[in-house]
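In UniProt numbering, the protein residues as written are 1 to 265.
Glycine included, every Cβ here is placed at the ideal spot set by N, Cα and C.
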């Protein structure tokens with residue numbers, strides 16, 4: 001019997017996400033983010049969300065849209081930059097932010113999807129990450145309302161390591177380049193960073209696919225995420241699949257041939 005996980009639309013695929021849900025969201029900056037699932041969730045209206053992602057989008061794009069609409073209550077991330085509203089809400093005491101080292105965050109999600117409850121890592125030993133006291137939420141007057149707890153530190157082979165708990169979320173929203181109807185995913189380039197571990201950590205994982213193929217068309221070595229982790233697949237139109245924005249575009253004027261320095265002879 002063939003498996004077909006295709007959903008009719010992005011709106012249908014996120015329709016059951018309730019208020020207060022936790023979501024792991026793939027992508028790095030704006031690269032590889034699930035643009036249309038995020039926008040469908042914004043339109044759906046669920047709020048009081050906990051978001052686990054490398055960052056929270058930018059002002060006016062990606063997860064920044066949910067943040068601006070005040071749909072997010074807590075963010076577990078490794079980076080606040082590129083989003084002024086994110087920084088403003090954090091410092092104003094309007095959102096809880098659990099900052100986590102980038103590699104640790106990816107591993108916490110992967111561990112959650114692998115059934116591992118916690119793991120030890122040297123990252124963060126000797127800092128507030130391990131010792132506790134990182135501000136997670138502020139009062140409006142700028143005082144700390146909630147701070148991170150201290151974590152267990154043990155020594156393995158002469159090296160101190162801190163215990164980090166795995167992350168399991170209610171849902172995960174990701175984007176992939178090619179997906180078959182059974183949910184097996186292939187990612188392109190940098191989109192392969194946080195999308196696979198985010199997908200693994202979600203109990204219900206939804207993927208927006210730039211291209212959908214039949215089961216068997218993906219070579220086994222091209223499958224970066226097995227379909228066992230995917231619940232729903234949303235097929236994008238060619239126009240939607242072409243949407244790939246970046247945070248900042250920096251260019252310079254190329255020197256003309258006449259301005260170029262003469263070659264050495």
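Judged by pairs of C-beta atoms under 8 Å, the stretch 214-228 does not touch the stretch 39-46, as fewer than three such pairs exist. Counting every other CB atom within 10 Å of its CB across the protein chains shown gives residue 253 a total below 16, marking it as exposed. Distances from the CA of residue 23 to each of 192, 8, 109 and 52 were compared; the closest alpha carbon is that of 52. The beta carbon of residue 163 is closer than 6 Å to those of 118, 120, 151 and 152 in its chain, skipping five residues each way along the sequence. Bounds of any beta strand (DSSP E) do not take in residue 20, whose DSSP letter is neither H nor E.
Shown here for residue 137: same chain residues with a beta carbon closer than 7 Å to its own, the five before and five after excluded, namely 93, 96, 145 and 146 in chain order. Annotation: the continuous beta strand (DSSP E) that includes residue 202 extends over 202-213. When the alpha-carbon of residue 7 is set against those of 242, 99, 247 and 233, the nearest one is in 233. The stretch 200-216 and the stretch 105-115 touch, with no fewer than 3 CB-CB distances between them shorter than 8 Å. In terms of CA proximity to residue 193, 103 leads the group 166, 64, 103 and 91. Per DSSP, the continuous alpha helix (DSSP H) segment holding residue 86 begins and ends at 84-91. Selection 123, 173, 142 and 184 evaluated against residue 154 yields 123 as nearest (Cα-Cα).
If you check the CB distance, residue 247 and residue 30 come in under 8 Å. Counting other Cβ atoms within 10 Å of its Cβ, residue 3 stays below 16 and is therefore classed as exposed.
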